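From first to last, the protein sequence lines stand for chains A and B.
Here our numbering is used: the first residue of the first sequence is 1, the next is one more, and so on.
Here our numbering is used: the first residue of the second sequence is 1001, the next is one more, and so on.
Virtual Cβ for every residue (Gly too), placed ideally from N, Cα, C.
Computed from a prediction, not measured in an experiment: that's the story for all the values here.
This report concerns only the one structure given below.
2 protein chains.
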Amino acid sequence: MKTLPDLTNPIAAALDRVIKVFDDELRSDLPFVNDLVEQVRRYRGKLLRPRLLLLSARATGDLRHEHTVLAAVVEMVHMATLVHDDVLDEADVRRRTPTVNRMVGNEGAVMLGDFLISHAYHLCSSLQSSRASRRIAAVTNTVCEGELMQIANRGNAALSEHEYLEIIRRKTAALTGVCCELGAWASEARPDIVDHMAAFGTDLGIAFQIVDDLLDLTASENELGKTVGRDADLGKWTLPAIRFRDSAGPGDRARLLAAMSQPGDDRAARLRDTLSGTESLEYAMATARSYVQSALSHLAILPASDAKDGLVAAAEFIVTRRH
Amino acid sequence: MKTLPDLTNPIAAALDRVIKVFDDELRSDLPFVNDLVEQVRRYRGKLLRPRLLLLSARATGDLRHEHTVLAAVVEMVHMATLVHDDVLDEADVRRRTPTVNRMVGNEGAVMLGDFLISHAYHLCSSLQSSRASRRIAAVTNTVCEGELMQIANRGNAALSEHEYLEIIRRKTAALTGVCCELGAWASEARPDIVDHMAAFGTDLGIAFQIVDDLLDLTASENELGKTVGRDADLGKWTLPAIRFRDSAGPGDRARLLAAMSQPGDDRAARLRDTLSGTESLEYAMATARSYVQSALSHLAILPASDAKDGLVAAAEFIVTRRH
């Protein structure tokens, strides 16, 4: 299996340009705004979304200026959701750095997220066609709906696997889907290829979020570099718990419901104890793997290329990563 | 003086269309999202920004489909800032209705604000030209900077009048300015007329915010229909306090600084006591009036019309309103 750095070869120079566009867009005449943005910049991790966009572009055509702009836009949208997510989750640590809300309070974090999203739209509307802006905005609508759906279902012990998948399709997979879609679209790929790329990115996003939720339950804060166990502490039902609830005997199910229904900061520890060694964790990983398989099937339409190899490696990375 | 309902005559039918576009844009397939949006709809008050946009359009040309869309967009942006402002201000009441954060928690309020802003851009990018999207996004950048500047200056007893005016120019006047600018722009008015309309809207916004801050200090919750005294309670220095600090003798100044430096929910009451009967309140109102005068001077370029009368009445309303 390739590791993530290997993926950059076909798009290394373009990624550097993306970072420059990103930084230029966010520069302010106000020093304390620049200080805040500097903090957020440390959140910038794997640049998964810009990579997906650029690889999708290269796998279906030639890289253009539009791709650079769009890759910076999707990363800005993603970072805005991270900043607002941390307000929602009351998280203290993200990518081994104190979160923005920890540093400047929830109020600063709300506004900084707004600032990022506003600049994302500002940058996107620098493109001639309004088509990309329209698609990005439609996706951010969907992301917000996913987040609202998740909030509405906190503590809902009856959340079904289907509903869980619908939440993560909206809150996570819509954005990875549009990355791959717009990458191919701005390469002027054929409509059926654009559709396959959108489906590839969507399946990948679902797999990514299942694994993310699994790591929140099984990894240590040290491995992950961010606060763990927040999902359970906030009463969010994710796939392993849903699976255990639906497959365990009455005694185990009662134990799970008790663990999840008692509020408090040790809910995650209780849930971890309950699920440890059960097949529910493996079930969640198998589900993620099946979405990766589905994603890969959509790449069959593409000719062989380094960029296509990069997309395959990105898909495989998602189910092997430990952080 | 005309009252606000009088202003609607030249634009009454267009305002109805704006409300329809607004409602259609926010409709979701998720029932609880619609419930939340329903709550926000109650925030919809005077529709000042759509009115400014449509009157500016009519005063400089003919009403078009673009104006309807843009008027719905600016109201959506405004409502997003209200929802996020209430998170920032921890306000309990807005327009005689419990605030969104009071009802669904800060998390729901953050996401609902994001949902509104996202739909504003989605709606705006339905227009052929990306010019309006670009301007709206540039303005929301500025609004966020104003809010961040305000947060950074909480409890800053050295905040100057100049800095105060710069904060409100960014957080409030940038949006009213772009309302009048885009109204004229979409009417294909001459560039110098578009510039005058932008300046009119900006001056008006500054006057509006000065009066808003004054009412937070002098009005009752019953008169205003929203939580009062939050500015002082949060340590925000607004114009009357700044004026009093800069013009009072040493004893009075010390009393003011003591009132503003002690945290707690009665800071507003202490500030009210300190400023009551001083010329600082009248100074703030006179400053607002001078911005209204400056605003009106920019309308000299327009021929007489009902719409122009409407803009004049809107300007006068701002310094005579009691809520």
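| query | Should R1245 (chain B) go down as buried or exposed, given a rule of 16 or more other Cβ atoms within 10 Å for buried? | reply | Residue mapping note: residue 1245 (chain B) aligns to position 245 of the second sequence, counting from 1. It is buried - the Cβ of R1245 (chain B) has at least 16 other Cβ atoms within 10 Å.
| field | Where K1002 (chain B) sits in the DSSP three-state scheme | value | Reading the second sequence from its first residue, position 2 is the one you call residue 1002 (chain B). Because the pLDDT of K1002 (chain B) is 48, which lies under 50, any placement of that residue in the model is unreliable, and the question is left without a value.
| task | Could you tell me whether the region 28–40 of chain A touches the region 276–296 of chain A, using the rule of 3 or more Cβ pairs below 8 Å? | result | no
| said: Let me make sure I understand the geometry here. Which of B:L1026, B:E1025 and B:A1071 has the alpha-carbon closest to that of A1013 (chain B)? | reply: As a working mapping, residue 1013 (chain B) is identified with position 13 in the second sequence. Among B:L1026, B:E1025 and B:A1071, the Cα nearest to that of A1013 (chain B) is on B:A1071.
| request: Scan the region 1029–1047 of chain B for residues whose Cβ lies nearer than 9 Å to a Cβ of chain A and list them as they occur along the chain. | output: D1029, L1030, F1032, V1033 and L1036
| task | Scan the region 1012–1080 of chain B and note each continuous alpha helix (DSSP H) run of 4 residues or more that stays entirely inside, going in chain order. | result | 1012–1026, 1031–1041 and 1048–1060
| said: To be precise: take each residue of the region 130–143 of chain A, compare its Cβ to all Cβ atoms of chain B, and keep it if any distance is under 7 Å. Which residues remain? | reply: S130, S133, R134, A137, A138, T140 and N141
| message | Does any residue of chain A have a CB that is nearer than 8 Å to the CB of D1203 (chain B)? | response | Counting from one through the second sequence, the residue named residue 1203 (chain B) turns up at place 203. D1203 (chain B) does not count as touching chain A.
| query | Is H1162 (chain B) buried or exposed, if buried means 16 or more other CB atoms sit within 10 Å of its CB? | reply | Counted from its first residue, the second sequence places residue 1162 (chain B) at position 162. The residue in question, H1162 (chain B), is exposed, as its Cβ has fewer than 16 Cβ neighbours within 10 Å.
| alpha helix (DSSP H) containing N1009 (chain B): first to last residue? | Position 9 of the second sequence, counted from the first residue, corresponds to residue 1009 (chain B). No alpha helix (DSSP H) holds N1009 (chain B); DSSP gives it neither H nor E.
| Terminal residues of the alpha helix (DSSP H) in which A1198 (chain B) lies | As a working mapping, residue 1198 (chain B) is identified with position 198 in the second sequence. Note, A1198 (chain B): alpha helix (DSSP H), P1191 to T1218.
| Cβ-based neighbour list, K1002 (chain B), same chain, cut-off 7 Å, excluding 5 preceding and 5 following | As a working mapping, residue 1002 (chain B) is identified with position 2 in the second sequence. Only weak support is given to the placement of K1002 (chain B): the predicted model assigns it a pLDDT of 48, under 50, and the value that follows is read from those uncertain coordinates. Taken in chain order, the residues that qualify are A1313.
| field | 7 Å Cβ cut-off: residues of chain A touching A1152 (chain B) | value | Counted from its first residue, the second sequence places residue 1152 (chain B) at position 152. By Cβ distance, chain A contributes F32.
| request: Starting from W185 (chain A), follow the alpha helix (DSSP H) in both directions and report where the run begins and ends. | output: By one-based count along the first sequence, residue 185 (chain A) stands at place 185. Start and end: A174 to A186.
| message | In this structure, how does DSSP classify Q1262 (chain B) when only helix, strand and coil are distinguished? | response | Counting from 1 along the second sequence, the entry for residue 1262 (chain B) is found at position 262. In the structure shown, Q1262 (chain B) sits in coil (DSSP, three-state: anything other than H, G, I, E or B).
| Cross-chain neighbours of G177 (chain A) in chain B, by beta carbon under 8 Å | Translated into the one-based positions of the first sequence, residue 177 (chain A) becomes position 177. Ordered by position in chain B, no residue passes the 8 Å Cβ test against G177 (chain A), which lies about 16 Å from the chain.
| Taking all protein chains shown into account, do 16 or more other C-beta atoms lie within 10 angstroms of the C-beta of R1010 (chain B), making it buried, or fewer, making it exposed? | Here the question's residue 1010 (chain B) lines up with position 10 in the second sequence. Here residue 1010 (chain B) turns out to be Pro, not Arg, going by the sequence shown. That one is buried.
| Using a Cβ-Cβ cut-off of 7 Å (strictly less than) and excluding sequence neighbours within five positions of I318 (chain A), which residues of its own chain qualify? | Within the first sequence, residue 318 (chain A) is the residue found at index 318, counting from 1. L204, A207, F208, V211 and V292, listed in sequence order.
| message | What does the alpha-carbon distance come out to for the pair Q1128 (chain B) and H1067 (chain B)? | response | Here residue 1128 (chain B) refers to the residue found at position 128 of the second sequence. Here residue 1067 (chain B) refers to the residue found at position 67 of the second sequence. In a straight line, the C-alpha of Q1128 (chain B) is about 13 Å away from that of H1067 (chain B).
| message | Under DSSP, the alpha helix (DSSP H) around N141 (chain A) begins and ends at which residues? | response | Numbered from 1 along the first sequence, position 141 holds the residue referred to as residue 141 (chain A). N141 (chain A) -> alpha helix (DSSP H) spans R131 to A152.
| request: Kindly indicate which three-state DSSP category D1309 (chain B) falls into: helix, strand or coil? | output: Position 309 of the second sequence, counted from the start, is the residue given in the question as residue 1309 (chain B). D1309 (chain B): helix per DSSP, three-state reduction.
| Contact residues within the region 1233–1244 of chain B, judged by C-beta distance below 7 Å to chain A | none
| task | Return yes when the C-beta of V1087 (chain B) is under 7 Å from any heavy atom of the ligand SAH, and no when it is not. | result | This structure lacks the ligand SAH, and indeed carries no ligand of any kind.
| CA-to-CA distance, V194 (chain A) to L112 (chain A), given in whole angstroms | To locate residue 112 (chain A), count along the first sequence from 1; it is residue 112. To locate residue 194 (chain A), count along the first sequence from 1; it is residue 194. For L112 (chain A) and V194 (chain A), the distance between alpha carbons rounds to 33 Å.
| Of all the CB atoms in chain A, is at least one closer than 8 Å to the CB of F1115 (chain B)? | As a position in the second sequence, residue 1115 (chain B) is number 115, starting the count at 1. Closer than 8 Å: yes.
| query | What residues in the region 278–308 of chain A have a beta carbon less than 7 Å from any beta carbon of chain B? | reply | none
| request: Mark D1213 (chain B) as exposed unless 16 or more other C-beta atoms lie within 10 angstroms of its C-beta, in which case mark it buried. | output: For the purposes of this step, residue 1213 (chain B) is identified with residue 213 of the second sequence, where counting begins at 1. Looking at its Cβ environment, which holds 16 or more other Cβ atoms inside 10 Å, D1213 (chain B) is buried.
| task | Taking 8 Å as the cut-off, decide whether the C-beta atoms of L215 (chain A) and T287 (chain A) are in contact. | result | Taking the first residue of the first sequence as position 1, residue 215 (chain A) is located at position 215. Taking the first residue of the first sequence as position 1, residue 287 (chain A) is located at position 287. No, these two residues do not count as a Cβ contact at 8 Å.
| Straight-line CA distance for M260 (chain A) to T1172 (chain B)? | Taking the first residue of the first sequence as position 1, residue 260 (chain A) is located at position 260. Taking the first residue of the second sequence as position 1, residue 1172 (chain B) is located at position 172. Each residue's Cα considered, the two are about 45 Å apart.
| Separation of S133 (chain A) from A254 (chain A), as counted between CA atoms | Along the first sequence, read from residue 1 onward, the residue named residue 254 (chain A) stands at position 254. Along the first sequence, read from residue 1 onward, the residue named residue 133 (chain A) stands at position 133. Each residue's Cα considered, the two are about 48 Å apart.
| query | Apart from the five residues just before and just after L296 (chain A), which ones in its own chain have a Cβ nearer than 7 Å to its Cβ? | reply | In the first sequence, residue 296 (chain A) corresponds to position 296, counting from 1. Once the five neighbours on either side are set aside, the close Cβ partners of L296 (chain A) are V312 and A315.
| task | With A1268 (chain B) as the anchor, note down where its alpha helix (DSSP H) starts and where it stops. | result | Here residue 1268 (chain B) corresponds to residue number 268 of the second sequence, with the count starting at 1. R1267 to L1275 is the extent of the alpha helix (DSSP H) around A1268 (chain B).
| message | Check whether the region 268–288 of chain A and the region 186–201 of chain A are in contact - that is, three or more C-beta pairs closer than 8 Å. | response | no
| For S1126 (chain B) and V1069 (chain B), believed in contact at Cβ under 8 Å, the rounded distance | Residue numbering aside, residue 1069 (chain B) sits at position 69 when the second sequence is read from its first letter. Residue numbering aside, residue 1126 (chain B) sits at position 126 when the second sequence is read from its first letter. The pair is a contact, with the Cβ atoms about 7 Å apart (cut-off 8 Å).
| query | Any idea what DSSP makes of R289 (chain A), helix, strand or coil? | reply | Reading the first sequence from its first residue, position 289 is the one you call residue 289 (chain A). If DSSP states are grouped into helix, strand and coil, R289 (chain A) belongs with the helices.
| query | For V1110 (chain B) and chain A, any beta-carbon pair shorter than 8 Å? | reply | Stepping through the second sequence from its first residue, residue 1110 (chain B) is reached at position 110. Yes, its Cβ sits closer than 8 Å to a Cβ of chain A.
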